[in-house]
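As they're listed, the protein sequences go chains A and B.
Counting from 0, one number per residue, gives the positions in the first sequence under numbering that gives the first Met the number 0.
Counting from 0, one number per residue, gives the positions in the second sequence under numbering that gives the first Met the number 0.
Ideal Cβ placement from N, Cα and C applies to all residues, glycine included.
Please read these numbers as outputs of a predicted model, since none were measured by experiment.
Reading through the structure tokens given below for one structure.
2 protein chains.
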Amino acid sequence: MNEGKSAIIVGAGLVGSLWAVYLSKAGYKVTIYERRPDIRLAEISAGKSINLALSNRGWKALDAVGVGDEIRKIAIPMTGRVMHDTEGNLTYQPYGKEGQAIYSISRGGVNAKMMDIAEEYGNAEIHYNHECLSADTKNGSIRVKNSETGEVIDAKADVVFAADGAFSAVRYNAFQKLDRFNFSQMYIEDGYREILLPANEDGSYKLELNALHIWPRGRFMLIALPNEDGSFTCTLFMPHSGDENSFDVLDSKEKVENFFKTTFPDFFEMMPEIGDAWEDHPLSSLAIMRSYPWHDGKMALMGDAAHATVPFYGQGMNGGFEDCTVLSELMQKHNEDWDKVFAEYSVVRKPDGDALQDLSLHNYYVMRDYVADPDFLLQKKIEAKFSELYPDKWMPLYSMVTFSEVRYSDAHRLGMQQDKIMKDVMASTPNIEEKWDSPEVMEQILEKIG
Amino acid sequence: MNEGKSAIIVGAGLVGSLWAVYLSKAGYKVTIYERRPDIRLAEISAGKSINLALSNRGWKALDAVGVGDEIRKIAIPMTGRVMHDTEGNLTYQPYGKEGQAIYSISRGGVNAKMMDIAEEYGNAEIHYNHECLSADTKNGSIRVKNSETGEVIDAKADVVFAADGAFSAVRYNAFQKLDRFNFSQMYIEDGYREILLPANEDGSYKLELNALHIWPRGRFMLIALPNEDGSFTCTLFMPHSGDENSFDVLDSKEKVENFFKTTFPDFFEMMPEIGDAWEDHPLSSLAIMRSYPWHDGKMALMGDAAHATVPFYGQGMNGGFEDCTVLSELMQKHNEDWDKVFAEYSVVRKPDGDALQDLSLHNYYVMRDYVADPDFLLQKKIEAKFSELYPDKWMPLYSMVTFSEVRYSDAHRLGMQQDKIMKDVMASTPNIEEKWDSPEVMEQILEKIG
Numbered sequence: 000m001n002e003g004k005s006a007i008i009v010g011a012g013l014v015g016s017l018w019a020v021y022l023s024k025a026g027y028k029v030t031i032y033e034r035r036p037d038i039r040l041a042e043i044s045a046g047k048s049i050n051l052a053l054s055n056r057g058w059k060a061l062d063a064v065g066v067g068d069e070i071r072k073i074a075i076p077m078t079g080r081v082m083h084d085t086e087g088n089l090t091y092q093p094y095g096k097e098g099q100a101i102y103s104i105s106r107g108g109v110n111a112k113m114m115d116i117a118e119e120y121g122n123a124e125i126h127y128n129h130e131c132l133s134a135d136t137k138n139g140s141i142r143v144k145n146s147e148t149g150e151v152i153d154a155k156a157d158v159v160f161a162a163d164g165a166f167s168a169v170r171y172n173a174f175q176k177l178d179r180f181n182f183s184q185m186y187i188e189d190g191y192r193e194i195l196l197p198a199n200e201d202g203s204y205k206l207e208l209n210a211l212h213i214w215p216r217g218r219f220m221l222i223a224l225p226n227e228d229g230s231f232t233c234t235l236f237m238p239h240s241g242d243e244n245s246f247d248v249l250d251s252k253e254k255v256e257n258f259f260k261t262t263f264p265d266f267f268e269m270m271p272e273i274g275d276a277w278e279d280h281p282l283s284s285l286a287i288m289r290s291y292p293w294h295d296g297k298m299a300l301m302g303d304a305a306h307a308t309v310p311f312y313g314q315g316m317n318g319g320f321e322d323c324t325v326l327s328e329l330m331q332k333h334n335e336d337w338d339k340v341f342a343e344y345s346v347v348r349k350p351d352g353d354a355l356q357d358l359s360l361h362n363y364y365v366m367r368d369y370v371a372d373p374d375f376l377l378q379k380k381i382e383a384k385f386s387e388l389y390p391d392k393w394m395p396l397y398s399m400v401t402f403s404e405v406r407y408s409d410a411h412r413l414g415m416q417q418d419k420i421m422k423d424v425m426a427s428t429p430n431i432e433e434k435w436d437s438p439e440v441m442e443q444i445l446e447k448i449g
Numbered sequence: 000m001n002e003g004k005s006a007i008i009v010g011a012g013l014v015g016s017l018w019a020v021y022l023s024k025a026g027y028k029v030t031i032y033e034r035r036p037d038i039r040l041a042e043i044s045a046g047k048s049i050n051l052a053l054s055n056r057g058w059k060a061l062d063a064v065g066v067g068d069e070i071r072k073i074a075i076p077m078t079g080r081v082m083h084d085t086e087g088n089l090t091y092q093p094y095g096k097e098g099q100a101i102y103s104i105s106r107g108g109v110n111a112k113m114m115d116i117a118e119e120y121g122n123a124e125i126h127y128n129h130e131c132l133s134a135d136t137k138n139g140s141i142r143v144k145n146s147e148t149g150e151v152i153d154a155k156a157d158v159v160f161a162a163d164g165a166f167s168a169v170r171y172n173a174f175q176k177l178d179r180f181n182f183s184q185m186y187i188e189d190g191y192r193e194i195l196l197p198a199n200e201d202g203s204y205k206l207e208l209n210a211l212h213i214w215p216r217g218r219f220m221l222i223a224l225p226n227e228d229g230s231f232t233c234t235l236f237m238p239h240s241g242d243e244n245s246f247d248v249l250d251s252k253e254k255v256e257n258f259f260k261t262t263f264p265d266f267f268e269m270m271p272e273i274g275d276a277w278e279d280h281p282l283s284s285l286a287i288m289r290s291y292p293w294h295d296g297k298m299a300l301m302g303d304a305a306h307a308t309v310p311f312y313g314q315g316m317n318g319g320f321e322d323c324t325v326l327s328e329l330m331q332k333h334n335e336d337w338d339k340v341f342a343e344y345s346v347v348r349k350p351d352g353d354a355l356q357d358l359s360l361h362n363y364y365v366m367r368d369y370v371a372d373p374d375f376l377l378q379k380k381i382e383a384k385f386s387e388l389y390p391d392k393w394m395p396l397y398s399m400v401t402f403s404e405v406r407y408s409d410a411h412r413l414g415m416q417q418d419k420i421m422k423d424v425m426a427s428t429p430n431i432e433e434k435w436d437s438p439e440v441m442e443q444i445l446e447k448i449g
């Protein structure tokens, strides 16, 4: 272990905290600068806190440095989706095979836990209330301001990692000003508002615990993920503007109540106080932010700072954690020659960031429109059947993304090919509803795979 | 005239200076803040100064407020393209009909002239060396710093216009931080380097004066535009990186000389000192920058600040000047109700900004690859013939963009349709080379227009 190696991480969020553990294990002295106060001492802020869904890529990155079990303590398995129609009827769709699940964790809870981990496993020194004012990528130095004392400090290390989120100060203050740095921030038309569905009075859950609940309504949807305390964190995704079914038109308690009563009747029955709870959480926006390259000089962007996405595939955190896996492998491959590590990281990992974003947007349409569509559900059934018969020839897209380590870019490409095959087979088979699991249909798919 | 009306313009560039005249004529007291020193007092900076090509939209916007003749004094008409092949053979292609031309003007010259115009015709007070540090869009105020004295000033007006270029400080410091503001900066793979081809010793031109010269070479190209003093401003566009024909590999005087000798032999003959002149101007990058919306509160983005583009259609300045035309029309339509003016400006003008950018990128391929392609030249000849026969049914894309007031978005859409028709006709007509102007071919096009 080289005592002299040092690293700075900007941001004590999920990715920054985990990456601290990796760097520490590789012998780096890690210093983290975090803009916000220590959330473990303050009340956890309300607001932007859609629950997170941890899946295979996330667990792999956590387990590789021995911290997965810390997170397992606060994670609730969800084995499938439960769709709620306007009559209150439920349809269940498993996410994967028997025993496979994604895991609901609350953002506040996991944030605090990851900071513990950064300190305990990563020996990281975390400086809270330190805002990054500027950065010199070539030099590996940053200028931070202590927002409590007003003091401005210059800090420097062998390598610097910006894991400071979608609105990364390092990216904004340094990377976005670099010649030939590509960047885009594209907001989608839809915003979201969080709603907390409380537990029953006896502390029990008001909905099936081990599932992600969706109320798909075409152009908008409501979802619910379980919390440890019996409550569900629910999120309404809907266009900001528009003459109907938009946040703009829900501008009174009465309109909110009417909207829920008619659109999500079973939800309204569980939570008749929705009109009063409506403004407990702010209306927030959703954006995809792309960058390239992800490094310059001695600095690299990670997680949301590099590839912030919309939350619809539940892969934002998982993809960020996987950045740690990728960077760690490159560190070993190039024996910590950071010029080489960063150059390969940008080139190799960027297509996966792009694919993660494209998949996230695609899954928005799936969740909003298709999960309630009989053709879509039939297609998923046929795929599952075929995949069961020929597991080495077909892994459904959702499983590739969620339960495998297949690169996002490969999963995206394969998924689009599979979708075309399934659409062709379904279109060319009369009465497909009756013989969806017949040898004839399976044979057809097999042929098309070639 | 309402004495109380006030406007701030950030940026005393081409668009800002012209817009000052419009506002002044509408009764506004105009104050301009410009980051750079007064270029009329300093030596005109070398560097990023590709000559500009003024065409119809630009003239229209200038003439509407009576300043076109000021610019005519320094403009050189170019009636067509002259292509130079590797043997030094020349091919001429007119830009439009008899009497139509685009006009070469030097950036430095026109910049200085436009500042004169802003002061004389716009009664604008221009504050040089004032950098915009921040802006409050809702309040209509900006904070500027006098870079000579260090003084920081807050300025406020009824309306504020950011005409401060591709790297707009107002956009960066204010708009890019707004919730739901979409923005992208995408650099193309190619950079450019300017080369000044001097006049002959007797002051005469070394190339045909009234033309834009192109040395198209597939993946890269050299162009030359005439200046008033007998020189030509030449620009080499080429990929930054790559194993051959890239700026990266031209890293010695010898390599530069060899490159010009073998690739642009007729140019090298005129300018054998190219190896020594190579570094007179810096290597620069090219980007497309998109934004939306183009307004917020009391502020609007104009010109490159809203829709910076690559220079290949010669429409950057013209499109910026046309923003003045559009805003001026909306001011009249809405009787200077700026909320309405700005809202309509964003919605109506944005598709034209996008189309201008798409067209610019498209014309890069045209100039680089196609202007030397016999099929392309034949297609242009057929189009010109058809357009001559049926002027009300077909205006070639280049003419729509350059010599008409058709909206960029309409021109782009129509141009793509026309291109498809021409490709179909040419592919389905055997020996098209021989009967390209036959009634049969004309009839076919007529049918396809429908």
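For residue i, which residues in chain B fall below 7 Å Cβ to Cβ?
i, result
"A/Arg179", "Tyr186, Ser284"
I want to verify the contact list: residues of chain A whose CB lies under 8 Å from the CB of residue i, in sequence order.
i, result
"B/Ala263", "Residue 263 of chain B is actually Phe in this sequence, not Ala. The premise fails here: B/Phe263 is roughly 26 Å from chain A at the closest Cβ pair, so nothing lies under 8 Å."
Looking only at its chain, what residues have a beta carbon closer than 7 Å to the beta carbon of residue i, apart from the 5 residues adjacent to it on each side?
i, result
"B/Ala344", "The residue you asked about is not Ala; residue 344 of chain B is Tyr in the sequence shown. Cβ within range, chain order: Trp293, His294, Ala299, Val325, Leu326, Leu329."
"A/Val143", "Tyr32, His129, Glu130, Cys131, Leu132, Ile152, Ala154"
"B/Ser203", "Gly229"
"B/Lys392", "Ile448"
"B/Val20", "Val64, Val66, Ile116, Ala117, Tyr120, Gly121"
"A/Asn1", "Confidence is the limiting factor: at A/Asn1 the pLDDT is only 48, short of 50, which leaves the residue's position unreliable, though a coordinate-based value still follows. Result list for A/Asn1: Gly26, in chain order."
"B/Gly79", "Tyr91, Gln92, Pro93, Tyr94, Ala210"
"B/Tyr171", "none"
Skipping 5 residues on each side, what residues in its chain have a beta carbon closer than 6 Å to that of residue i?
i, result
"A/Tyr407", "Asp351, Ala354, Leu355"
"A/Gln184", "Ala286, Met288"
"A/Ala11", "Ile31, Glu33, Met114, Ile125"
In the DSSP assignment, find the unbroken alpha helix (DSSP H) run with residue i in it and report its ends.
i, result
"B/Ala354", "337-367"
"A/Met454", "The structure shown does not extend to residue 454 of chain A, since chain A is modelled only from 0 through 449, so no value can be given for it."
"B/Met441", "438-448"
Quick one: list the residues of chain B neighbouring residue i, beta-carbon separation under 8 Å, in chain order.
i, result
"A/Phe246", "By Cβ distance, chain B contributes nothing, its closest Cβ being about 12 Å from A/Phe246, past 8 Å."
What does residue i reach in chain B if we use C-beta pairs closer than 9 Å?
i, result
"A/Ser183", "Asn181, Phe182, Ser183, Gln184, Met185, Arg289"
First and last residue of the beta strand (DSSP E) that includes residue i?
i, result
"A/Pro373", "Careful: A/Pro373 lies outside any beta strand (DSSP E), inside the alpha helix (DSSP H) at 373-388."
"A/Pro215", "210-215"
"B/His129", "129-135"
"A/Asn145", "140-145"
"B/Lys155", "151-155"
"B/Leu17", "Not the beta strand (DSSP E): B/Leu17 falls in the alpha helix (DSSP H), residues 13-24."
"B/Asp189", "181-196"
"A/Thr401", "Where A/Thr401 is concerned, there is no enclosing beta strand (DSSP E), although the alpha helix (DSSP H) it sits in stretches over 396-402."
"A/Pro238", "231-238"
"A/Val169", "No beta strand (DSSP E) contains A/Val169, which is instead part of the alpha helix (DSSP H) from 168-172."
"B/Phe160", "158-161"
Suppose the cutoff is 8 Å on Cβ atoms and the five residues either side in sequence are ignored; what does the same chain contact list for residue i look like?
i, result
"A/Gly46", "Any reading at A/Gly46 must be qualified, since the residue scores a pLDDT of 42, below 50, and its modelled position is unreliable; no value is offered."
"B/Tyr468", "Any answer about residue 468 of chain B is impossible in this case: the structure gives chain B only from 0 up to 449."
Start-end ranges of the beta strand (DSSP E) lying completely within the stretch 33-88 of chain B, minimum 3 residues
51-53, 75-77, 79-83
Which ranges does the alpha helix (DSSP H) cover as unbroken runs of at least 4 residues, wholly within the stretch 288-328 of chain B, from first to last along the chain?
303-306
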